[in-house]
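Only one structure is covered here, and it is reproduced in the block below.
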Amino acid sequence: MEKESQIILKKQNFDNTKIRYIELKVGGDEVNSDFARVHQDAIVRACDEALIPRDGYRHLAAINPSLEREYQISDR
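The opening position of the sequence shown corresponds to residue 1286 in my numbering, with each subsequent residue numbered one higher.
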């Protein structure tokens, strides 16, 4: 869903736009997708599998501004 939305947004000249949260109501059911949490969970899983310690991730995030801040990841 996120990839398809990026294609649509690029066609409309919204290149730097990211969808962070979607809420859908289908019939009586409500579906919520929080892409920020999914992304943070993926970072936590990658750090765990690669045995990257908290301080190591903090150093990486300090030199790469596109990475999530360490305190956001530690909350997950």
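From the three backbone atoms N, C-alpha and C, an ideal C-beta is built for every residue, glycine too.
### Query
When DSSP labels each residue in this structure, what does residue 1295 get in the three-state scheme?
On the sequence shown, residue 1295 is found 10 positions in, with the first residue counted as 1. Three-state DSSP puts residue 1295 in a helix.
### Query
Would you say residue 1293 reaches chain C, if we count a Cβ-Cβ gap shorter than 8 angstroms as a contact?
In the displayed structure, chain C is absent; only one protein chain is listed.
### Task
Flag this pair as yes or no: are the beta carbons of residue 1325 and residue 1361 separated by less than 8 angstroms?
Taking the first residue of the sequence shown as 1, we reach residue 1325 at position 40. Taking the first residue of the sequence shown as 1, we reach residue 1361 at position 76. Yes, Cβ-Cβ distance for residue 1325 and residue 1361 is below 8 angstroms.
### Sequence-distant residues of its chain with Cβ nearer than 6 angstroms to residue 1306 (five each side left out)
On the sequence shown, residue 1306 is found 21 positions in, with the first residue counted as 1. Around residue 1306: 1319.
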